[in-house]
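Which chain is which? The protein sequence lines are A and B, in order.
Just so we're aligned: 7 in our numbering is position 23 of the first sequence, and the numbers increase by one with no gaps anywhere.
Just so we're aligned: 165 in our numbering is position 21 of the second sequence, and the numbers increase by one with no gaps anywhere.
Cβ coordinates follow ideal geometry from the N, Cα and C atoms, glycine included.
Predicted, not measured: the structure shown is a model, and the values here were computed from it.
Report on the following structure.
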Amino acid sequence: DAGVIQSPRHEVTEMGQEVTLRCKPISGHDYLFWYRQTMMRGLELLIYFNNNVPIDDSGMPEDRFSAKMPNASFSTLKIQPSEPRDSAVYFCASNGRDNEQFFGPGTRLTVL
Amino acid sequence: GQNIDQPTEMTATEGAIVQINCTYQTSGFNGLFWYQQHAGEAPTFLSYNVLDGLEEKGRFSSFLSRSKGYSYLLLKELQMKDSASYLCAVRDGSDSWGKLQFGAGTQVVVTP
């Protein structure tokens, strides 16, 4: 398996633009997580899905953020409109019914 | 909610031993995890403890005391490649395979 796949790896955009981050979890994993990492706040869970259903979105900062998982092999995290304070590394992770959570390589987002 | 505390930084010499402590206060508990994260990379899984005691895996060992809300990660025979951030994470008890809450991470610097 190729592991968790994220795209793009880097994104630079201007304030106010829409940003869409993409994730393909490991095949067979039924849990998918979106995290955000910054120097100030560390690694924060934004939202997670089980069997494509959002279970806990309490970490989503505000209405500008939304996440979807239309099928078992694809998820998106969208920010609209983006702001400079959204600049961070966004990780997608997945795990099956065991104890190891696998992280994707991350998307480094810069909002100017 | 959950409160997870670990030291910000530790420095040790190549070949030495370093112990990274983690204390937590949780409303639910279903396992404690340690992850390693090299600069610019994604976190990778190191260990999992759900019962009290010591789990050993090569040069790395992890200990848990649930009654004390305490864990440590022990790194033996330090190598330069062990320079990284080490993240302690607690799994919320409400979902057997789900949500992890991460500490801020301990930056370990290995010197020659």
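(request) Mind listing the chain A neighbours of B/Pro151? Cutoff is C-beta to C-beta under 8 Å, in chain order. (result) Result: empty, since nearest Cβ-Cβ is about 14 Å, beyond 8 Å.
(request) Determine the chain A residues that contact B/Phe321 at a beta-carbon separation under 7 Å, and present them in chain order. (result) Nothing about residue 321 of chain B can be read from this structure; chain B reaches only from 145 to 256.
(request) Would you mind stating whether A/Phe86 and A/Gly(-13) have Cβ atoms separated by less than 8 Å? (result) yes
(request) Measure the C-alpha to C-alpha separation of A/His13 and A/Leu93 and round it to an integer number of angstroms. (result) 26 Å
(request) Out of B/Lys212, B/Leu195, B/Leu219, B/Thr188, point me to the one whose CA is closest to B/Thr170's CA. (result) B/Thr170 has its Cα closest to that of B/Lys212, out of B/Lys212, B/Leu195, B/Leu219, B/Thr188.
(message) Using 8 Å as the threshold, is the C-beta distance between B/Ile161 and B/Val234 below it?
(response) B/Ile161 is not a Cβ neighbour of B/Val234, given a cutoff of 8 Å.
(message) Please report the distance separating the alpha-carbon of A/Tyr19 from that of B/Leu219.
(response) 27 Å
(message) What would DSSP say about A/Lys62, mapped onto helix, strand or coil?
(response) Correct three-state label for A/Lys62: strand.
(message) List, in chain order, every chain A residue whose beta-carbon is nearer than 9 Å to that of B/Leu231.
(response) What B/Leu231 touches in chain A: Gly26, Leu27.
(message) Assuming B/Ala228 is part of the beta strand (DSSP E), what are its boundary residues?
(response) 228 to 235
(request) Would you decide whether B/Asn215 is buried or exposed? Buried here means 16 or more other CB atoms lie within 10 Å of its CB. (result) In the sequence under discussion, the amino acid at residue 215 of chain B is Ser, which differs from the Asn named in the question. So B/Ser215 counts as buried.
(request) Mark A/Ala72 as exposed unless 16 or more other C-beta atoms lie within 10 angstroms of its C-beta, in which case mark it buried. (result) buried
(request) Could you tell me which chain A residues have their CB closer than 7 Å to the CB of B/Lys243, listed as they occur along the chain? (result) Leu29, Tyr32, Asp40
(request) Just confirm the distance between the C-beta atoms of B/Pro151 and B/Asn165, as a whole number of angstroms; I'd bet it's less than 8 Å. (result) 7 Å
(request) Pick out the complete alpha helix (DSSP H) segments inside the segment 153 to 237 of chain B, 4 residues or longer, and give them in chain order. (result) none
(message) Check whether chain B comes within 8 Å of A/Phe49, counting only Cβ atoms and requiring the distance to be less than that.
(response) no
(request) Go through its chain and collect everything with a Cβ distance to B/Ser209's Cβ below 8 Å, but skip five positions before and after it. (result) Asp196, Ser215
(request) Go to A/Val3, then tell me how far its beta strand (DSSP E) extends in each direction, as first and last residue. (result) 3 to 8
(message) So for A/Asp47, helix, strand or coil by DSSP?
(response) coil
(request) Within 10 angstroms of the Cβ of A/Asn35, are there 16 or more other Cβ atoms? Answer buried if so, exposed if not. (result) So A/Asn35 counts as exposed.
(request) Determine whether the Cβ of A/Pro89 lies closer than 8 Å to any Cβ atom of chain B. (result) Yes - at least one Cβ of chain B is within 8 Å of the one on A/Pro89.
(request) Could you give the DSSP three-state label for A/Asp82: helix, strand or coil? (result) coil
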